[in-house]
Amino acid sequence: MASEKPILYSYFRSSCSWRVRIALALKGIAYDQVPVNLLKDGGQQFSAEFKALNPMQQVPALKIDGITLSQSLAIIHYLEETRPNPKLLPQGPKKRAQVRMISDHIVSGIQPLQNLSILQRMGEKKMEWAQQCITSGFQALEQILQHTAGRYCVGDEVSMADLCLVPQVFNAERYKVDLSPYPTITRINKALLELEAFKASHPSRQPDTPAELRA
Amino acid sequence: MQQVPALKIDGITLSQSLAIIHYLEETRPNPKLLPQGPKKRAQVRMISDHIVSGIQPLQNLSILQRMGEKKMEWAQQCITSGFQALEQILQHTAGRYCVGDEVSMADLCLVPQVFNAERYKVDLSPYPTITRINKALLELEAFKASHPSRQPDTPAELRA
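Quick mapping for you: the protein sequence lines, in order, are chains P and W. Here UniProt numbering is used: the first residue of the first sequence is 1, the next is one more, and so on. Here UniProt numbering is used: the first residue of the second sequence is 1, the next is one more, and so on.
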C-alpha cells in the first residue's frame, strides 16, 4: 500500500528545491525525499522516468494529494492554500503584493539567469556571468527591501519572500559575490538562518549532500 | 528594478507581472483569473511560472543583447525547450484554454510568449495545443486591444 506522505524530488544544492523544503519544514509537513542528481549520468532530471513525472525535467517536483506539481512558487502557493498554518503570505493585498514582487524578482529575475543549464552554456565565463546576474538583481532587491523589511523581507513575519532570499544568498556566496553593498539582504539572511526550518532544509543537511559538503 | 511593467495603483507602485496580476485578482475579483480549487489554481500557476521564470527571462532583451550574433539561435533554443515541456503539460490541463475552459493567468502568459516565438521564427508545428489555445485567445477583445500592434508607442511600421 503506497504511503500517503508527499514525495519531494529534490537536489541538495538546487535553490528552487530548497525553497520548497523550507515551506514544508515551516508548515510541519512530513514528506519523503527522492534525490535527483543534476550532474550525474548526464543529469538524472533528463531520464525518461523523471520526464514522465515532470515534463519540465527540473527539480523540485512534489507529489502530493494525488497530483504532481512543479515550479517552486506554484508548489508553495498550493501548500499555503491547503495547509494554511503558519501563513507564508500576509493578510492584506498590498503586503501580499510586496511578498510576491520580491519573490518573483528573485525567482524570475535572478535565479533563472544563473541556473545550472545556463552556466553550463557560459563555459569559462561562468563565474563572471553568475556574479553579474546576482549583483544586478541584488542592487535592485536591496533598495526594495529598505522599504518593505522589518525583521524579515516584508515586516516581521516570515513569508514566501524569505524562502526565496536565503537560497539566492547561498548562491551569491557560492559564486563569490561581494555582499557588502547589501546590508539589508545580509541582515535578513542571517536572521532567517537562525530558524530551525531554514537550518534543517539547508543544502549541507540533505540525504544527497556529498560527504565533503555535509554539515 | 529598472524593468517594465510597473503599475501605480491604490497609492502603491508594483512591479513583476504576476505579483501585479495577483494583486488585481485579490482587489478586483471579477471576472476571475484563477479558478476556485487549489489543484486547478496550482496548475494555472505552474504553467504561468514555467513561462515567466523558465522561458521568458532567458530570452529577454538584456540577455539577448549579451548574446550578440548568437541571439536568434539562443532565443530559439530557450523557447523550443520550454515549449516542448509546455505542450506536454497542456495536453493534460487544457480545455478551450490552458486550464479547462475559462481564461486564466496562464493564458495571459501564453499569448505574449507565442508572439515572441513567432518573432524569433520558432517552428510551432510541434506544438498543436499551444497553437490552438493561442488562436482561441487572440479572438477575445482583451487580447486584441492589448496587442503590441495597438499600443500608444507602437511604431508606425508595426501598427495594426
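Cβ coordinates follow ideal geometry from the N, Cα and C atoms, glycine included.
Non-local beta-carbon contacts of P:S17 in its own chain, meaning distances under 6 Å to residues more than five positions away in sequence, involve S10, Y11, V59 and P60 in chain order. Ranked by how close their Cα comes to the Cα of W:P31, the residues W:H50, W:I21 and W:P5 have W:I21 in first place.
Assigned with DSSP and collapsed to three states, P:S10 falls in strand. Under the 10 Å beta carbon count, W:L110 is surrounded by 16 or more other beta carbons and is classified as buried.
In chain order, S108 make up the part of chain P whose C-beta sits under 7 Å from the C-beta of W:V52.
In this structure the segment 19 to 30 of chain P does not lie against the segment 55 to 63 of chain W, because fewer than three pairs of beta carbons, one per stretch, are closer than 8 Å. One Cα belongs to W:M105, the other to P:E212, and the distance between them is close to 44 Å. Around W:Q91, the same chain offers T129 as residues with beta carbons nearer than 7 Å, after the five sequence neighbours per side are excluded. With a threshold of 8 Å between beta carbons, P:A130 makes no contact with chain W.
The beta carbon of P:A200 sits closer than 6 Å to the beta carbons of A25 from its chain, once the five residues preceding and following it are set aside; these are given in chain order.
The C-alpha of W:R150 is placed about 12 Å away from the C-alpha of W:A142.
Counting of Cβ neighbours within 10 angstroms places P:R100 among the buried residues, the total reaching 16 or more. Take the alpha-carbon of P:L69 and the one of W:A42: they are about 7 Å apart. Contact between the segment 47 to 55 of chain P and the segment 135 to 150 of chain P is absent, with fewer than three C-beta pairs closer than 8 Å. P:I188 and P:V158 have their C-alpha atoms spaced approximately 10 Å apart. For P:H105, the nearest CB of chain W lies under 8 Å from its own CB, placing it at the interface with that chain.
For W:R28, none of the residues of chain P pass the 8 Å Cβ criterion, the least Cβ distance being about 10 Å.
A distance of 8 Å or more separates the beta carbons of P:I22 and P:A172. At a Cβ-Cβ threshold of 8 Å, P:P167 and P:S15 count as neighbours.
By the CB criterion at 8 Å, W:L18 and W:V52 fall inside the cutoff.
Against chain P, the beta carbon of W:P57 has neighbours under 8 Å at S108, G109, P112 and L113, listed in chain order.
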